[in-house]
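Per my numbering: the sequence shown = residues 1284 to 1611.
As structure tokens, the structure follows; a few thoughts come after it.
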Amino acid sequence: MLLTPQIKKILITGGAGFIGSHLVEMLLKENKQVICFDNLSSGKKEWIKPHLRNRNFIFHKADLLDLDKLKKSLKGSDLVWHLAANTDIPNGFFKTDMDLKNCVIGTRNVLEGMRLSGVKQIIFSSTGAIYGETGKIPFSESNGPLLPISLYAAGKLSSESFISAYCYLFGLNAWMFRFGNVLGARMGHGVIHDFQVKLRKNQKQLEILGDGNQAKNYFLVEECIGGMDFVYKHADLAKQPCDIFNLGTDSRTGVVEIADIICQEMKLQGVKYKFTGGKRGWPGDQPQVFLSVAKVKKLGWYPTHSSTEAVRIATRRMLGLEKFAYEG
Ligand SMILES: NC(=O)c1ccc[n+]([C@@H]2O[C@H](COP(=O)([O-])OP(=O)(O)OC[C@H]3O[C@@H](n4cnc5c(N)ncnc54)[C@H](O)[C@@H]3O)[C@@H](O)[C@H]2O)c1
């Protein structure tokens, strides 16, 4: 069972997004009451459509910047699972207020809404991107100083700080997670999504951003949700009101290996790879991600699939060759 029997009603911000819509499905399967708060900026109504008639499900199409609506929607919830944010990382370079509004102010509004409506628990999706490139490898929760290299990461690090301060000042508890790359069906962004879109348009040549040396860690969406749930149940918040955990695998997959897997699963042969060059795929990209998951491992959790297995499974799900176990 996800969460505990005492947690009956959960407000999910970003519940119509990639991770959020999987979480909605998993919670509804367990007869939890779910309130989905999403402005559909990158989420899709079709991903939550099957639940719109479920009496345990309420959908508010609304923006985190609307504090009044947030406060009303939060009433009676036992926990907030806060996933909403700008997730178009490259676009933050051009629209420089996106991460400030949708992540920093959005998170502060969630916290303020919780304070005003008496909700005490929050699970937060941060990112391994907050580690930037300080050269301390692997990226461990105790690394510092943290110097983000994208506005997305800056927004997440600021949000972690606001969450911590609200916990210490107003009696909240928070479980914060710095994810590796999360994979599954319904991805609206990320390397697997991009390569599939490009290969559908041109089956002879694939453009790969950067020099081809990028390597990151990948894990499946249900493992990400399972990992958060495990930590929620097992982390000791007796001495401090909030804690932070890296979440993912410690294996990695290179970008060319990902391209190979996608071509294999799409049954394409002889595709030429064209590299755009430079070590970064886009401004703010972290080409090398070495996430340490020792802290969550010590607590007793580790994903079942390696990074490369997760890439293949997610590719197959996106191509409709495999199903997410909770679907339908
Ligand atoms: N997918 C990953 O690999 C990954 C990695 C690290 C962290 N995360 C974090 O996990 C969370 C979920 O990511 P995802 O991959 O499902 O992305 P997503 O874009 O599919 O989901 C984000 C959701 O938030 C909603 N949203 C955005 N701004 C909003 C606002 N102002 N008000 C209301 N709703 C708003 C969007 O419509 C969308 O449904 C995000 O916070 C993301 O930063 C994801």
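We put the CB at the ideal spot given by N, CA and C, even for glycine.
N- and C-terminal bounds of the beta strand (DSSP E) containing residue i
i        : result
Asp-1526 : 1525 to 1530
Tyr-1556 : 1555 to 1558
Thr-1370 : Neither: Thr-1370 is in no beta strand (DSSP E) and is coded neither H nor E.
Val-1317 : 1316 to 1321
Ser-1409 : 1404 to 1410
Arg-1461 : 1456 to 1462
Ile-1475 : Run containing Ile-1475: none in the beta strand (DSSP E); it sits in the alpha helix (DSSP H), 1474 to 1484.
Leu-1335 : It is not in any beta strand (DSSP E) - Leu-1335 carries neither H nor E in the DSSP assignment.
Lys-1522 : Counting along the chain, Lys-1522 falls outside any beta strand (DSSP E), and DSSP gives it neither H nor E.
Lys-1292 : 1292 to 1296
Gln-1488 : 1488 to 1491
Beta-carbon proximity list for residue i, same chain, < 7 Å, skipping 5 on both sides
i        : result
Gly-1611 : The predicted model places Gly-1611 with a pLDDT of 47, which falls under 50 and marks its position as unreliable, so this point remains unresolved.
Lys-1327 : Ala-1299
Leu-1430 : Gly-1415 and Thr-1417
His-1612 : Nothing can be reported for residue 1612, as the shown portion of the chain is limited to 1284 through 1611.
Glu-1605 : Ile-1596 and Arg-1599
Glu-1490 : Lys-1481, Lys-1557 and Thr-1559
Arg-1563 : Gly-1493 and Pro-1570
Leu-1551 : Leu-1482 and Gln-1486
Val-1474 : Val-1538 and Ile-1541
Gly-1269 : Nothing can be reported for residue 1269: it is not among the residues displayed for the chain, which extend from 1284 to 1611.
Ile-1372 : Ser-1433, Tyr-1435 and Gly-1567
Contact test: residue i Cβ vs ligand 1 heavy atom, cutoff 7 Å
i        : result
Gly-1347 : Correcting the residue identity first, residue 1347 is Leu in this sequence and not Gly. Checking the Cβ of Leu-1347 against ligand 1 gives yes.
Gly-1267 : There is no way to answer for residue 1267, as the model of the chain reaches only from 1284 to 1611.
Ala-1299 : yes
Phe-1377 : no
Asp-1321 : yes
Ile-1475 : no
Asn-1374 : no
Gly-1396 : no
Val-1465 : yes
Gly-1561 : no
Leu-1440 : no
Asn-1369 : yes
Thr-1410 : yes
Asn-1385 : yes
Leu-1235 : A question about residue 1235 goes unanswered here, because the residues of the chain that appear run from 1284 up to 1611.
Thr-1390 : no
Thr-1598 : no
Leu-1294 : no
Ser-1425 : no
Gly-1553 : no
Gly-1510 : no
Gly-1567 : no
Gly-1471 : yes
Phe-1478 : no
Spatial neighbours of residue i in its chain, beta-carbon cut-off 6 Å, leaving aside the 5 residues before and after
i        : result
Asp-1349 : none
Pro-1421 : Phe-1573 and Ser-1575
Thr-1559 : Leu-1492
Trp-1584 : Gly-1510 and Phe-1513
Pro-1586 : Phe-1502, Glu-1506 and Thr-1532
Ile-1341 : Ile-1318
Leu-1455 : Lys-1403 and Tyr-1449
Terminal residues of the alpha helix (DSSP H) in which residue i lies
i        : result
Glu-1540 : 1538 to 1548
Leu-1434 : 1434 to 1453
Tyr-1501 : Looking at the DSSP string, Tyr-1501 is not in any alpha helix (DSSP H); the run it does join, the beta strand (DSSP E), is 1501 to 1503.
Ser-1400 : 1389 to 1400
Glu-1308 : 1301 to 1312
Ala-1345 : Neither: Ala-1345 is in no alpha helix (DSSP H) and is coded neither H nor E.
Arg-1595 : 1590 to 1601
Lys-1580 : 1577 to 1582
Leu-1353 : 1350 to 1357
Integer Cβ distance of residue i from residue j, believed to fall under 8 Å
i        : j        : result
Phe-1320 : Ile-1295 : 7 Å
Leu-1613 : Leu-1310 : There is no way to answer for residue 1613, as the model of the chain reaches only from 1284 to 1611.
Ala-1412 : Gln-1569 : 6 Å
Arg-1469 : Thr-1410 : In fact, because the Cβ distance is near 19 Å, the residues do not count as touching under 8 Å.
Asn-1322 : Lys-1344 : 7 Å
Thr-1390 : Ile-1446 : 7 Å
Asp-1494 : Gly-1561 : 6 Å
Any non-hydrogen atom of ligand 2 within 7 Å of residue i CB
i        : result
Ile-1302 : Among the ligands present in this structure, namely ligand 1, ligand 2 is not found.
Cβ neighbours of residue i in the same chain (closer than 8 Å, five flanking residues each side left out)
i        : result
Leu-1306 : Ile-1295, Gly-1298, Trp-1364, Leu-1366 and Ile-1508
Lys-1291 : Lys-1315, Gln-1316 and Asp-1361
Asn-1426 : Tyr-1414, Thr-1417 and Lys-1419
Arg-1398 : Tyr-1449, Phe-1453 and Leu-1455
Ser-1589 : Thr-1532 and Ser-1534
Report yes or no: do the stretch 1585 to 1596 and the stretch 1527 to 1542 share at least 3 C-beta pairs separated by less than 8 Å?
-> yes
Taking 8 Å as the threshold, find out whether the stretch 1343 to 1363 comes into contact with the stretch 1388 to 1405 through three or more Cβ pairs.
-> yes
Touching by the beta-carbon criterion (3+ pairs, under 8 Å), the stretch 1368 to 1384 and the stretch 1434 to 1446 = yes
With contact counted as at least three CB pairs below 8 Å, one residue from each stretch, are the stretch 1500 to 1512 and the stretch 1459 to 1467 in contact?
-> yes
Is the stretch 1520 to 1529 in contact with the stretch 1545 to 1561, if contact means three or more CB pairs nearer than 8 Å?
-> no
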